[in-house]
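The sequence shown begins at 1 in the working numbering and counts up by one. C-beta atoms are modelled at their ideal positions from N, C-alpha and C, and glycine is treated no differently. Because the structure is a prediction, the values reported are computed rather than measured. Read through the structure below, which is laid out as structure tokens, and then see the notes.
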Amino acid sequence: MGRVTERRRTLRIRDGAVSSRPDTLVAEEPLEIRLNGKPLA
1 MGRVTERRRT LRIRDGAVSS RPDTLVAEEP LEIRLNGKPL A
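Encoded structure:
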């Protein structure tokens with residue numbers, strides 16, 4: 001298993017207001033996608 005991090009600019013849209021800021025994104029293998037804390041697949 002591997003883990004990769006990268007600093008990227010993110011766009012946040014909340015209540016009609018748009019803001020942009022840098023954030024750290026993380027990817028792990030194997031990838032597990034969760035929705036509301038539960039596995040999607």
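Determine the direct distance from the alpha carbon of residue j to that of residue i, and round the result to whole angstroms.
{"i": "residue 42", "j": "residue 21", "result": "Since the displayed the chain opens at 1 and closes at 41, residue 42 lies outside it and no answer follows."}
{"i": "residue 4", "j": "residue 35", "result": "21 Å"}
{"i": "residue 32", "j": "residue 17", "result": "30 Å"}
{"i": "residue 13", "j": "residue 19", "result": "7 Å"}
{"i": "residue 15", "j": "residue 39", "result": "28 Å"}
Among the options, which one has its Cα closest to the Cα of residue i?
{"i": "residue 23", "options": "17, 34, 11, 37", "result": "11"}
{"i": "residue 6", "options": "39, 25, 40", "result": "25"}
For residue i, decide whether its Cβ has a neighbour in chain D, counting only Cβ atoms nearer than 8 Å.
{"i": "residue 23", "result": "No chain D is present in this structure, which holds just one protein chain."}
Bridge partners of residue i, per DSSP?
{"i": "residue 31", "result": "Paired residues: none, contrary to the question."}
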